[in-house]
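Some notes on the structure that comes next.
Below, the structure is given as structure tokens:
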């Protein structure tokens, strides 16, 4: 066990330090609150053992109680819990009603976990609460009326859950409420007009619920309201109250897809109004002719029944970025002066979407600047005006979301940074090639008042660094991406001020400012949310910064506790390791799975007899596939449901790992392009996974030379887009995000309508998503696994798995779709063969001859995308969001009759002549304008069937 004398000295020091801790800490936590915390832990499922410290020592004086902050109240002999911050800890289970016993709690933060059940009504007893952030869980049930008792509550975030029922009228008593975020739930009933009594309310976000009308006119009396966002509800038969034009504080009104009728209100009297989205409703009449405020950036009136002319009041708006009246009944002349008062510098652009109306005249002086995109497709003017066609104004385009972007790169080559910590170059630093260790921040704008971030990027940098008391060059925006909402997801890196490392107090200060919402961005950026906080190397150097929620005043106690823990670890580590090794050798597969199974929630547990009955005792006639894991059978459950049953080989240890991984992941992943799990069987020596049955098998089956009905090009694009959306969900919307690690044609399944679903998560890994305890940086270091031919070369060489490892594998699938070849065939690699043909200028010889007719410009563009996905250099590959956008564009270019579901074309526009003369189209990548049906990341559980192999 080591040196006995050294151990004795450690024990003596341990005793002395323990005595010092007792003296230094002195007071203890209120016993009622200690019991409440223990009750909270008992209701939680903690698969990553994040709360292993809870129950050991005192919550307020021990540094090991993760996420707990405390304070002393005058004339009270006890310490009291003031904060629970368990942000993104992969916790599940329910929130215990004993939380109501924490009488001095100010912050209740369980964001981005997997909690289920109701919000306990006992929360309403904690009148000291200022922040409740429960967004990004799976909470259900109704909102308790008792929350209305929390007169000090400043922020309530329960968005992205499954909460139903009405919005309680008692919320009108929340006199300190500023941020009421209830979007993306299943709330029903009317928006209570009583909310107009909230004196401090700034942001009311209730979009994507089941709310019904009418919209309450009294909301116009809300004294401080700046954002009203109620998209995707059903206010059928009601109109937009005229009173809303008198909300003097309003900056953004978003009522997209709400079944609204009546006319567009005149909002010209609102002085700082900046964003209007009334698209996808049933509005009629003419567009108001009074000029809107000069701050306006976005006007979207598309897909209504508006008539008359496009008024001249859209001219002279210096900040306008996006104007859409697509899909209305407008006629007359196309306005030619909208851009007259705009200065186009840098990357400033303007999109004018006038498509699908009855516009019939282009004025003689019509000459938009290069930075202005005018879209006229679907208007009579495109049939009569050669000028319009020659200027490419009549090409169909989809422009509902702006471009994402990445930060600028260093302009010179620098020597490598040190590798002992997470050193990086700061591209914004005034000192060239200066290496430092940054802090990473996932930061999302939940309701921005802009459509294009590019022109506002510098303003954002100045604003947030000023609020954080940093120099502008200490901030580097690594990337930003628009998401459904629209919301803007950014990844920021904060660098020390011309030193290599932040000190502990500075890291704590930044965490407190961001996690506690202690900064307020400019109005144009709207409300924000913290997605993650990555400490990287700081997590090792200052482990208690993240694991403890204590304030700076408790740092001395934290450091002492850390010393104590380190000494204790040195005393027992050898014994622990030896015992653990012996224990590992004695754990059977059965006991491993038994412990795992009790944590599974939301999937059915079948018996072996049920599985045997469903498959006629696993008759060979029921077998539909076989892989390295085992055999796949088609079965029928007792209720008649057709299922696919994947049965593991006997005594397969690898199968045990894949079994656990797949259940853990699929039990919480729900997307129309991901295979859905029905249940599992873990009995005796059997492991089986049960999915919905998919009648059209795998993509590989349909690319085989033996297939009787080859896929049309349109259907191949449709399948590629579905697979890409599924993987995009894994990378950006799953909580936490996931790297699939085994994307291939045989893991893409096709339902009865040839909708693609990504399957087989046995090799998948959780992405390195930062939380309050730190995490890996931009990659996972792991043993290389996957399928030859699909493996990312850089991952193979470095063992660094990233999200763009999946991009490479998907790119190989795209090449299979285009060529019909296998990834490795007769000793030839598909990526190399396609690149050689592409460089030679003759790609016709590699295109699958069974596709019959196809549009050459679409095939060329699809091929260019596939090649880009398969580049050797990781950074040269696109992100999944860019891939989805490009595939949407390709699909929109398909001629009528060659849509996603067609098997034959018969169109005279299609040809099979391919050569280097078919140049790859350039230009922006845009998401489909029909976002409500095809462009959004869909988190609903699909109908249809699944049969993984």
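Residue numbers (mature numbering (1 follows the signal peptide of the UniProt record, and there is no 0)): -26 to -1, 1 to 923. All residues carry an ideal CB built from backbone N, CA and C; glycine is no exception.
- Membership of residue 438 in the alpha helix (DSSP H) is indicated by the continuous run 431 to 441.
- By the neighbour-count definition (other C-beta atoms within 10 Å, threshold 16), residue 314 is an exposed residue.
- Inclusion of residue 98 and residue 19 in the CB contact set at 7 Å is not warranted, their separation being larger than that value.
- Taking one beta carbon from each stretch, the region 654 to 674 and the region 712 to 725 have 3 or more pairs nearer than 8 Å; the two touch.
- Of the residues assessed, residue 357 falls on the exposed side of the cut-off, its CB having fewer than 16 other CB atoms within 10 angstroms.
- Segment contact: the region 402 to 414 against the region 295 to 314, fewer than three CB-CB distances shorter than 8 Å; contact not assigned.
- In the assembly as shown, residue 608 is a buried residue. Its beta-carbon has 16 or more other beta-carbons within 10 Å.
- Here residue 802 is exposed: its Cβ has fewer than 16 other Cβ atoms, across all protein chains shown, within 10 Å.
- DSSP places residue 20 in no beta strand (DSSP E); its state is neither H nor E.
- Bounds of any beta strand (DSSP E) do not take in residue 587; it lies within the alpha helix (DSSP H) bounded by 582 to 588.
- Residue 728 sits close to residue 689, with the two beta carbons spaced by under 7 Å.
- Taking a contact to require three or more Cβ pairs closer than 8 Å, the region 418 to 438 and the region 316 to 335 qualify as touching.
- With fewer than 16 other Cβ atoms from the protein chains shown falling within 10 Å of its own Cβ, residue 407 counts as exposed.
- The continuous beta strand (DSSP E) containing residue 53 extends over residues 53 to 59.
- Here residue 462 is bridged, per DSSP, to 419 and 456.
- Beyond the five residues adjoining it in sequence on each side, residue 155 comes within less than 6 Å, by CB distance, of 131, 133 and 179 in the same chain, given in chain order.
- Taking the Cβ atoms as the reference, residue 793 lies roughly 14 Å from residue 816, outside the contact range of under 8 Å.
- Under the three-state reduction of DSSP output, residue 665 falls in the strand class.
- For residue 341 and residue 312, the gap between their C-alpha atoms comes out near 11 Å.
- If you keep only unbroken beta strand (DSSP E) runs of at least 3 residues inside the region 231 to 286, you get 249 to 251, 272 to 274 and 279 to 282.
- Taking the Cα of residue 678 as reference, the smallest distance to any Cα among 262, 796, 107 and 461 is reached at 796.
- Secondary structure at residue 347: strand, using DSSP grouped into helix, strand and coil.
- One thing to note: residue 620 has its Cβ within 7 Å of the Cβ of residue 606.
- Rounded to the nearest angstrom, the Cβ distance from residue 139 to residue 161 is 7 Å, consistent with a contact under 8 Å.
- Straight-line spacing of the CA atoms in residue 764 and residue 219 works out to 57 Å.
- By the 16-neighbour rule on beta-carbons within 10 angstroms, residue 421 is buried.
- In the DSSP assignment, residue 42 falls within the unbroken beta strand (DSSP E) covering 42 to 46.
- By the criterion of a C-beta distance shorter than 6 Å, residue 470 is surrounded in its chain by 410 and 476, once the five residues flanking it on both sides are discounted.
- In this structure residue 432 is exposed. Its beta-carbon is surrounded by fewer than 16 other beta-carbon atoms within 10 angstroms.
- When the alpha-carbon of residue 848 is set against those of 785, 7, 798 and 820, the nearest one is in 785.
- Remark: C-beta atoms of residue 176 and residue 152 approach each other more closely than 7 Å.
- Going by beta carbons, residue 654 and residue 640 fall outside the 7 Å limit.
- Spanning the alpha carbons of residue 295 and residue 274 requires a straight line of approximately 11 Å.
- For residue 508, the pairing in a beta bridge is given by DSSP as 414.
- In the structure shown, residue 833 falls within a helical segment according to DSSP collapsed to helix, strand and coil.
- Between residue 701 and residue 854, the gap from beta carbon to beta carbon is short of 7 Å.
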